[in-house]
Amino acid sequence: MYEKVKQFKGPLVFPDQQFTIIAGPCAVEDEEKLVELALFLKSHGITHLRAGAYKPRTSPYTFQGLEAKGLAILQRVKARTGIKIVTEIMDVNQIQTYVDNIDIIQVGARNMQNFALLKELGKIQKPILLKRGFGSTIEEWLYACEYLMNEGNDQIILCERGIKTFEPMTRNTLDISSVPIVKGITNLNVFVDPSHSSGRSDIVRPLARAAVAVGADGLMIEVHHNPALSLSDKDETIDFNEFVTLLKEVRTLATVMGKQIK
Ligand code: PEP
Ligand code: MN
């Protein structure tokens, strides 16, 4: 059984009464635009910017991220704005660089069962955002989490990002029920990513509202100054205006749920 997941008593990455939003473009692109975005987020009280330097793309022919250059941009954006950085790790040999430069290390859906990577990430003291695999059950997700905890790292945020179903109108199906189920099993932070869950910018906001209502501790949102120009995942990416509206709605609902938004 996933005993460590069940018995976790804290401290949490984000306090229980807090509702946290992690936001940013799918991928690191232009440095100046990312600085602008970071300042926009900070002006709305958002403390964590997320952008991928290394992108695990389904097709090898689509944009793979700026890779090392992207990581360097993230470091500079952090230095220039003071925003904290969340970005996805792809390989065990990146761990030291990420430990030195990144605030929260994301393990993506495609690597949720990369057990070699999980075991090594379990040995470090850095928060890990563990996304649910799109073909994984809740139990498999919790076992992946147990791999990290078994090695000593309990600074974990679980993130529901939708699963594959037969429904073609969305990129994935947001399994909203996983949130209260997981929260009934563990005290760890549970986030929802309505962007990858849906693949549709027009329903990110209602799904975000649902996430708050169902008891999530936070959201991960894809936002870009001009989504149409995004080099990846433009269909699910919202613009600044939509983000501000989302924030207003989420803030209201979070208060109802007894949480303070960050
Ligand atoms: C991402 O967050 O950019 C990403 C690739 O998500 P997922 O791993 O959930 O597909
Ligand atoms: Mn994306």
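So the mapping is simple: this note's numbering equals the position in the sequence shown, first residue as 1, plus 21. By construction, the Cβ of each residue, glycine as well, lies at the ideal position given by its N, Cα and C atoms. Keep in mind that this is a model prediction, so the values were computed, not measured.
Any non-hydrogen atom of the ligand MN within 8 Å of residue i CB
| i | result |
| --- | --- |
| Ala48 | yes |
| Glu17 | Here the chain covers residues 22 to 283 and nothing more, so residue 17 does not appear. |
| Asp260 | no |
| Gly73 | yes |
| His217 | yes |
| Asp254 | yes |
| Glu141 | no |
Environment of residue i [buried if 16+ CB atoms lie within 10 Å]
| i | result |
| --- | --- |
| Val200 | buried |
| Asp121 | exposed |
| Asp223 | exposed |
| Pro328 | The structure shown does not extend to residue 328, since the chain is modelled only from 22 to 283, so the question has no answer here. |
| Phe264 | buried |
| Pro81 | exposed |
Heavy atom of the ligand PEP within 8 Å of residue i beta-carbon
| i | result |
| --- | --- |
| Phe155 | yes |
| Met190 | no |
| Met111 | no |
| Ala130 | yes |
| Arg182 | yes |
Whole-number beta carbon distance between residue j and residue i, since they are thought to touch under 8 Å
| i | j | result |
| --- | --- | --- |
| Asn208 | Phe35 | The pair is not a contact, with the Cβ atoms about 12 Å apart (cut-off 8 Å). |
| Asp124 | His69 | 7 Å |
| Gln117 | Ile149 | That belief does not hold up - the Cβ atoms of Gln117 and Ile149 are roughly 15 Å apart, past 8 Å. |
| Val211 | Leu240 | Incorrect: roughly 11 Å between the Cβ atoms, too far for contact. |
| Lys27 | Ile206 | 6 Å |
Any contact between the region 35 to 55 and the region 86 to 95? By contact I mean 3 or more CB pairs, one from each, below 8 Å. yes
Does the region 268 to 279 come into contact with the region 244 to 251, if we say contact requires no fewer than three beta-carbon pairs (one atom in each stretch) closer than 8 Å? no
Count the C-beta pairs between the region 127 to 142 and the region 220 to 235 that are closer than 8 Å, then say yes if the count reaches three, no if not. no
Please confirm if the region 154 to 165 is in contact with the region 104 to 124, defined as three or more CB-CB distances below 8 Å between the two stretches. no
Inside the region 103 to 150 only - beta strand (DSSP E) runs reaching at least 3 residues: 105 to 109 and 125 to 128
Within the region 165 to 191, ranges of the beta strand (DSSP E) (whole runs, at least 3 residues): 177 to 181
Counting only runs of 4+ residues fully inside the region 30 to 112, write out the alpha helix (DSSP H) ranges in chain order. 52 to 64 and 89 to 102
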